[in-house]
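A.B. asks: Chains as they are written, first to last, in our numbering: chain C, 1 to 145; chain V, 1001 to 1145.
Using N, Cα and C, we set each Cβ at its ideal position, and we do this for glycine too.
I'd like to ask you about the structure that follows.
2 protein chains.
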Amino acid sequence: MLPPSTRRSLPMALLRAREVIMAHFRPMLARHDITEQQWRVLRVLAEAGPLEATELANRASILPPSLTRIIKAMEEREFISRNKVKEDGRRALLAISPAGLALIEELSPERTAIYDAIEKRYGAEQHERLLDMLESLIQSESTEG
Amino acid sequence: MLPPSTRRSLPMALLRAREVIMAHFRPMLARHDITEQQWRVLRVLAEAGPLEATELANRASILPPSLTRIIKAMEEREFISRNKVKEDGRRALLAISPAGLALIEELSPERTAIYDAIEKRYGAEQHERLLDMLESLIQSESTEG
DNA sequence: CACTTGTAGTTAACATGTGAATTACATCTT
DNA sequence: AAGATGTAATTCACATGTTAACTACAAGTG
């Protein structure tokens, strides 16, 4: 088979798709002076409760070096807190703070509205199918074989 | 509708999907000491012929500041060349060099093999459908409405 | 216990992403 | 021609992506 042209390749399509979607969220995040990655960290901690850095990095799809910097910045702004684990001097539990939760609460309505608008434009069934297909792709490629 | 959990949101799914796909290509690119973005620039120029920076940036999905730096690096390694446009002192035509073309030729077989393996694991029909759905999403979100 | 191996997290170095400001050049308008 | 406006590209500042190296601590092994 021919190598895919840049106009129809999976990596490019995924990149562009993500761009057009995130374009809708960026103004909201910019108004509150947080980055896309910081926002992911907040949401993961809000949903999952306190996590160690490695687990948080996995769930938020952020590499460890980036997470180190992000945590430092968010600790200074008091959006998250860290508590060392007694039994293991290497680990620390990261938790969202009241201020972090407040930010999530504050942004929730707008966030939902943006998602709904995307879903409406693209079609709810399409949207679900696309999510299924992406999850399937991630499955088929992440489990080595 | 509820805000999507981080486990089933379009931005996260697109990000993860891209990660697992690119993981297959990174070793190849690393062996030849070029970045993912430099590789995109080369392929776009190889396919489309000489382009101005703005058009190249659009086609390769790279922001202008990044492209400026990438072009500088690739000029030094003589993978691309730039020629100023006579009629308009602002513009310049960027073209792939023989060395750049040679690199593409050299990587083509491996690149095709990687794509084929992905397509085989995921399923050729699935793959086509996913590309269609992504293009449709890009369409529905990029044209403002 | 000393040594090796493994793991969590950080640091370093460099490339890119991102938004804002800036420069250089074109074009329009009067 | 002079000034206003627009456009292509760059520069700046800061955040993140990426790989490799490193530190700190833990657990296994002799």
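Cβ closer than 7 Å: which chain V residues qualify as neighbours of A17/C?
C.D. replies: Residue 17/C sits at position 17 when you count from the first residue of the first sequence. Going along chain V in sequence order, the residues near A17/C (Cβ under 7 Å) are L1014, L1134, L1137, I1138.
A.B. asks: Can you tell me where the beta strand (DSSP E) with L63/C in it begins and where it stops?
C.D. replies: One-based indexing of the first sequence puts residue 63/C at position 63. Premise fails: L63/C is in no beta strand (DSSP E) and is neither H nor E.
A.B. asks: Just the C-alpha distance for V1044/V and T6/C, rounded to the nearest angstrom, thanks.
C.D. replies: The residue given as residue 1044/V occupies position 44 in the second sequence. The residue given as residue 6/C occupies position 6 in the first sequence. About 7 Å.
A.B. asks: Are the segment 1065-1078 of chain V and the segment 1027-1040 of chain V in contact at 8 Å, needing three or more beta carbon pairs?
C.D. replies: yes
A.B. asks: Less than 8 Å between the CB atoms is what I'm expecting for V41/C and L56/C, so what's the real figure, rounded?
C.D. replies: As a working note, residue 41/C is residue 41 in the first sequence. As a working note, residue 56/C is residue 56 in the first sequence. 7 Å between Cβ atoms; contact.
A.B. asks: Any beta carbon from chain V within less than 8 Å of R40/C's own beta carbon?
C.D. replies: Counting from 1 along the first sequence, the entry for residue 40/C is found at position 40. It does: the Cβ of R40/C has a partner Cβ on chain V nearer than 8 Å.
A.B. asks: How many angstroms separate the CA atom of E1106/V from the CA atom of L1131/V?
C.D. replies: Counting from one through the second sequence, the residue named residue 1106/V turns up at place 106. Counting from one through the second sequence, the residue named residue 1131/V turns up at place 131. When the Cα atoms are used, E1106/V and L1131/V turn out to be separated by approximately 27 Å.
A.B. asks: Rounding to the nearest angstrom, what Cα-Cα distance links L1137/V and Y115/C in this structure?
C.D. replies: Position 137 of the second sequence holds residue 1137/V. Position 115 of the first sequence holds residue 115/C. Their Cα atoms are separated by approximately 13 Å.
A.B. asks: Flag this pair as yes or no: are the beta carbons of I118/C and H24/C separated by less than 8 Å?
C.D. replies: In the first sequence, residue 118/C corresponds to position 118, counting from 1. In the first sequence, residue 24/C corresponds to position 24, counting from 1. Cβ atoms of I118/C and H24/C: closer than 8 Å.
A.B. asks: Under 8 Å, CB to CB, which of the residues in the segment 1055-1089 of chain V have a partner in chain C?
C.D. replies: R1059, A1060, S1061
A.B. asks: Strictly under 8 Å for the Cβ-Cβ distance: is T1035/V near chain C by that measure?
C.D. replies: In the second sequence, residue 1035/V corresponds to position 35, counting from 1. No, because no Cβ of chain C sits closer than 8 Å to the Cβ of T1035/V.
A.B. asks: Which two residues bound the contiguous beta strand (DSSP E) that contains I80/C?
C.D. replies: On the first sequence, residue 80/C is found 80 positions in, with the first residue counted as 1. For I80/C, the uninterrupted beta strand (DSSP E) segment begins and ends at 80-84.
A.B. asks: For the ligand PLP, is there any heavy atom lying closer than 7 Å to the beta carbon of R8/C?
C.D. replies: This structure lacks the ligand PLP, and indeed carries no ligand of any kind.
A.B. asks: With distances taken from CA atoms, which of S1061/V, W1039/V, V1085/V, H1127/V is nearest E1052/V?
C.D. replies: As a first step, residue 1052/V must be located in the second sequence, where it is residue number 52. Of the listed residues, the one whose Cα sits closest to E1052/V is V1085/V.
A.B. asks: Among residues of its own chain, excluding the 5 on either side of L1010/V, which ones have a beta-carbon nearer than 6 Å to its beta-carbon?
C.D. replies: If you number the second sequence from 1, residue 1010/V lands on position 10. Counting only Cβ-Cβ distances below 6 Å, and skipping sequence neighbours, we find nothing.
A.B. asks: Residues of chain C with CB under 7 Å from R1026/V, in chain order?
C.D. replies: Mapped onto the second sequence, residue 1026/V falls at position 26. Near R1026/V there are no residues of chain C at all, since even the closest Cβ is about 11 Å away, more than 7 Å.
A.B. asks: Which runs of the alpha helix (DSSP H), 4 residues or longer, sit entirely within the segment 1006-1050 of chain V?
C.D. replies: 1010-1031, 1036-1048
A.B. asks: Beta-carbon separation of L93/C and L1134/V under 8 Å?
C.D. replies: Position 93 of the first sequence, counted from the start, is the residue given in the question as residue 93/C. Position 134 of the second sequence, counted from the start, is the residue given in the question as residue 1134/V. No, these two residues do not count as a Cβ contact at 8 Å.
A.B. asks: Less than 8 Å separating the beta-carbons of V20/C and E1019/V?
C.D. replies: Here residue 20/C refers to the residue found at position 20 of the first sequence. Here residue 1019/V refers to the residue found at position 19 of the second sequence. No; because the gap between Cβ atoms is not below 8 Å, this pair is not in contact.
A.B. asks: To the nearest angstrom, how far is it from the Cα of Q126/C to the Cα of R1129/V?
C.D. replies: The residue given as residue 126/C occupies position 126 in the first sequence. The residue given as residue 1129/V occupies position 129 in the second sequence. In a straight line, the C-alpha of Q126/C is about 11 Å away from that of R1129/V.
A.B. asks: My output table needs one value for E1052/V: the three-state DSSP class, helix, strand or coil.
C.D. replies: By 1-based counting over the second sequence, the position of residue 1052/V is 52. Residue state, collapsed to three classes: strand.
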